[in-house]
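*Asks:* Before anything else, here's the structure in question.
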Amino acid sequence: MTDKNPERLLAIGDIHGCFDLLQKLLTDVAPGPEDQLVFLGDYIDRGPASRQVIECLLDLQRQFPETVFLRGNHEQMLLDFLAGDDHLMFLLNGGNATLESYQSTDNSKPVIPPDHLSFFNNLKNSYIHGDYIFVHAGLRPGVPISNQDEYDMLWIRGEFINSDYDWGKTVVFGHSPQPEVLLRDNMVGLDTGAVYNNRLSCCDLLTRNIWQASAIDLPD
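Residue numbering for the sequence shown follows numbering that gives the first Met the number 0, beginning at 0 and increasing consecutively.
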């Protein structure tokens with residue numbers, strides 16, 4: 000996979016444990032070695048198959064080592080939970096589903112395989128490619144990219160989405176569910192509510208082509 004001049008610059012929105020949708024989307028998109036693939040975070044929580052999602056992403060990473068995986072606020076909450084912080088915050092935001100997928104049903108720390116834990120610990124907060132900056136949640140208007148706060152990149156919503164501020168790059172983000180892929184001059188939003196609306200989305204930023212996997216496309 001080339002980082003400099005990819006055939007396609009593919010970004011995928013929040014998965015939230017929806018393994019079946021992820022499988023269907025990857026089958027449809029069929030990423031290859033000449034594509035640059037960027038995942039926008041929130042791979043876990045709420046949906047039923049967080050562990051399977053991470054296993055799938057690790058397989059993809061082995062196949063295409065240049066794949067970029069961003070940190071979402073849900074991955075950060077998991078890491079805080081594992082460190083002994085913010086147990087309630089994690090559980091109230093769908094963490095129980097992740098615990099169950101790692102076979103922990105008593106709100107204790109899950110037994111996470113070392114390669115999964117390494118994956119969570121090595122996620123990026125942002126990624127810049129050409130005219131695009133990829134983050135999980137967004138950027139704070141009026142603040143240069145170099146001065147953005149990590150908390151905002153994981154959690155910001157309204158102040159960012161309602162802004163027409165020009166950061167000098169198009170911001171590609173997830174985090175805030177939209178009924179459809181959000182396409183604007185200054186931002187592209189790719190969280191289409193996989194765990195709520197049963198729709199997982201991918202966009203090739205170079206052409207603005209969109210792929211979506213939905214529950215109605217899955218076999219019974």
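For each residue, glycine too, the CB sits at the ideal point set by N, CA and C.
(1) Please give me, in chain order, every unbroken run of the beta strand (DSSP E) with length at least 3 that falls completely inside the stretch 81 to 168.
(2) With DSSP run on the structure shown, which of helix, strand or coil describes F68?
(3) Evaluate the contact criterion for the stretch 194 to 210 versus the stretch 144 to 162: three or more CB pairs, one atom per stretch, below 8 Å.
(4) Closer than 8 Å by C-beta to I132: which residues in its own chain qualify, once you throw out the five before and the five after it? Chain order, please.
(5) Looking at the structure shown, is C201 part of a helix, part of a strand, or coil, going by DSSP?
(6) Per DSSP, S49 forms a beta bridge with which residues?
(7) Sorted by chain position, which residues of the same chain lie with C-beta nearer than 7 Å to D190's C-beta, five sequence neighbours on each side aside?
(8) Helix or strand or just coil, what does DSSP make of L181?
(9) How about G16 and D44: are their beta carbons less than 8 Å apart?
(10) On a CA-only basis, which of C55, G31, L8 is nearest D19? Give me that one, please.
(11) Do three or more CB pairs link the stretch 60 to 79 to the stretch 24 to 39 at distances below 8 Å?
(12) Whose C-alpha, out of Q51, T206, L9, V52, is nearest the C-alpha of E33?
(13) If you reduce the DSSP assignment to three classes, tell me which class G16 lands in.
(14) Within this structure, are the beta carbons of P109 and L98 separated by less than 8 Å?
(15) Once DSSP output is grouped into helix, strand and coil, what is the label at N4?
*Replies:* Answer, in terms of the structure:
(1) 125 to 128, 131 to 134
(2) strand
(3) no
(4) S125, Y126, L138, I144, W166, K168, T169, V170, V171
(5) strand
(6) According to DSSP, S49 bridges with nothing at all.
(7) G12, D13, G173, H174, S175, P176, Q177
(8) strand
(9) yes
(10) C55
(11) yes
(12) L9
(13) coil
(14) yes
(15) coil
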